[in-house]
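Chemist: Take the numbering used here: the last position of the sequence shown gets the number 351, and nothing is skipped along the way.
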Amino acid sequence: MIQFGIIARNFSSSSAVQSAIKNVTVIGGGLMGSGIAQVTAQAGQNVTLVDVNSDVLAKSQKSIQNSLGKVAKKIYKDNPQEAEKFMTESFARIKTSTDPVSAVQGTDLVIEAIVENIDVKHTLFQKLDSAAPDHTIFASNTSSLSINEIASIVKRKDKFGGLHFFNPVPVMRLLEVVRGSETSDTTYNTMMQWGKSVGKTCVACKDTPGFIVNRLLVPYMAEALRLLERGDASARDIDVAMKLGAGYPMGPIELVDYVGLDTTKFILDGWHKKFPDQALFKPIAIMNKLVAEGKLGVKTGEGFYKYEKK
Ligand code: 3HC
């Protein structure tokens, strides 16, 4: 059972945190982008969700509707009419677009949640820098790249920072707010305030690899895979051990499947390249093999475990 108290509180107008941000553009219609667009719309702000692929956007809209249904059921369990109203109104606040440049015209905040590739991010932000209004804040939801490195391409370095969400975004209550070396106090404070306005508890972190959560979580998941690789314990037993012995909601191997083997591998590989002597970041053969076979976890129906297709 997950505590939705925070989400519920976020919708009672008396306690809602106000933000100067009214219009948000989320770039990237994957799992994270869809979740970010959803929580923004739930908080009463207008969102444009952008992806270059219209099929991806159609899939995002479906997953947002599903997720809104779950949230509405939880908050308005005894009031189906209010639940329906909440879902319809939240969904109506989300527009979609395949053109990032036109989508940022009237926006206050851009959150990028696209592929973890520095060159692709640079190309995007360079275009957006000349298209977006001067006051617009740019943020990246990167899990492992450097905010300073991503921001190096834009002129508005003082208006650039990191907003790192967790999957599933509508459920996980944390938001890491990352200051780059040139992020201004005003930008940082606005990002903090905005995070609270969408119902998240914000923590601050410097621009350091993995910020707080991934710097701890990714080596932990990697160590679990190394236990498995050495044959010290089965995947099932490792997961049961951490759920029942440490109170985690998911075991580490389940979590790798949930986050995605490709994402986990990408993070580890990037850090291994940067810090080749750090044993915690070394490649993991059993994970690399599954990734090469296209077994990326829950999203492909198989990773370390098999999943029923939904
Ligand atoms: N939208 C809305 N509600 C959702 C949802 C979604 N996408 N997914 C689950 N829920 C709701 C369910 O409806 C259910 O509500 P209920 O309590 O009213 O029944 C509740 O959440 C619990 O869901 P389930 O019963 O389906 O399953 P669990 O109790 O196992 O919870 C979980 C699922 C929330 C995913 C939980 O297992 C969990 O917290 N796992 C750990 C997730 C985690 O660690 N995330 C961080 C990953 S790292 C990351 O994202 C960073 C990145 O950079 C890599």
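Think of the CB as a built atom: it goes at the ideal place given N, C-alpha and C, for glycine as much as any other residue.
1. Drop a sphere of 10 angstroms on the beta-carbon of Pro317, count the other beta-carbons inside from all chains shown, and report buried for 16 or more, exposed for fewer.
2. So who's on the other strand from Gly203, going by DSSP bridges?
3. What does a CB cutoff of less than 7 Å around Cys243 pick up in its chain, not counting 5 residues either side in sequence?
4. For Phe127, collect the residues of the same chain with a Cβ closer than 6 Å to its Cβ; drop the 5 residues on either side in sequence, then sort them by chain order.
5. Quick one: grab the DSSP three-state call for Ile194.
6. Can you say whether Leu331 is buried or exposed, counting buried as having 16 or more other CB atoms within 10 angstroms of its CB?
7. Val239 to Ser108, Cα distance in whole Å?
8. In the DSSP assignment, what residue or residues form a beta bridge with Thr12?
9. Going by beta-carbon coordinates alone, are Leu204 and Asn182 separated by less than 8 Å?
10. Quick one: grab the DSSP three-state call for Thr242.
11. Would the C-beta of Met213 count as close to the ligand 3HC, meaning under 7 Å from any of its heavy atoms?
12. Whole angstroms is fine: what's the gap from Asp248's alpha carbon to Asp278's?
13. Tell me the rounded alpha-carbon separation between Gly342 and His176.
14. Can you give me the Cβ contacts of Ile194 inside the same chain, cut-off strictly under 7 Å, excluding the 5 residues immediately before and after it?
15. At the level of alpha carbons, what is the spacing between Ala78 and Asp280?
16. Note the first and the last residue of the continuous alpha helix (DSSP H) segment covering Glu295.
17. Looking only at C-alpha atoms, which of Val145, Val80, Val93 and Val88 sits nearest to Lys111?
18. So is Pro293 buried or exposed if we call it buried at 16+ other beta carbons inside 10 Å?
19. Bridge partners of Gly338, per DSSP?
Modeler: So, from the listed chains and residues:
1. Mapped onto the sequence shown, residue 317 falls at position 276. With fewer than 16 other Cβ atoms within 10 Å, it is exposed.
2. To locate residue 203, count along the sequence shown from 1; it is residue 162. Note: Gly203 sits in a beta bridge opposite Ser181 and Val219.
3. Walking along the sequence shown from the start, residue 243 turns up at place 202. The residues are Leu216, Val218, Met233, Gly236 and Lys237.
4. If you number the sequence shown from 1, residue 127 lands on position 86. If the five residues before and after Phe127 are omitted, its C-beta is found closer than 6 Å to the C-beta atoms of Ala113, all from its own chain and listed in chain order.
5. Translated into the one-based positions of the sequence shown, residue 194 becomes position 153. Three-state result, Ile194: coil.
6. Counting from one through the sequence shown, the residue named residue 331 turns up at place 290. Leu331 is buried by the Cβ-count criterion.
7. Translated into the one-based positions of the sequence shown, residue 239 becomes position 198. Translated into the one-based positions of the sequence shown, residue 108 becomes position 67. If you take the alpha carbons of Val239 and Ser108, they lie about 16 Å apart.
8. Nothing about residue 12 can be read from this structure; the chain reaches only from 42 to 351.
9. Here the question's residue 204 lines up with position 163 in the sequence shown. Here the question's residue 182 lines up with position 141 in the sequence shown. Taking 8 Å as the Cβ cut-off, Leu204 and Asn182 qualify as a contacting pair.
10. Position 201 of the sequence shown, counted from the start, is the residue given in the question as residue 242. Residue state, collapsed to three classes: strand.
11. In the sequence shown, residue 213 corresponds to position 172, counting from 1. Indeed, a heavy atom of the ligand 3HC lies less than 7 Å from the Cβ.
12. One-based indexing of the sequence shown puts residue 248 at position 207. One-based indexing of the sequence shown puts residue 278 at position 237. Pairing Asp248 with Asp278, the inter-Cα distance amounts to about 35 Å.
13. Looking up residue 342 in the sequence shown gives position 301. Looking up residue 176 in the sequence shown gives position 135. Their backbone Cα atoms lie some 43 Å apart in a straight line.
14. Residue mapping note: residue 194 aligns to position 153 of the sequence shown, counting from 1. So the list reads His163, Phe166 and Gln167, once near-sequence residues are dropped.
15. What you label residue 78 is simply residue 37 of the sequence shown in a count that begins at 1. What you label residue 280 is simply residue 239 of the sequence shown in a count that begins at 1. Going by the C-alpha atoms only, they are around 31 Å apart.
16. What you label residue 295 is simply residue 254 of the sequence shown in a count that begins at 1. Where Glu295 is concerned, the enclosing alpha helix (DSSP H) stretches over Pro293 to Val300.
17. Working through the sequence shown from its first residue, we reach residue 111 at position 70. Among Val145, Val80, Val93 and Val88, the Cα nearest to that of Lys111 belongs to Val80.
18. By one-based count along the sequence shown, residue 293 stands at place 252. It is buried - the Cβ of Pro293 has at least 16 other Cβ atoms within 10 Å.
19. The residue given as residue 338 occupies position 297 in the sequence shown. Beta-bridge pairing links Gly338 to Glu343.
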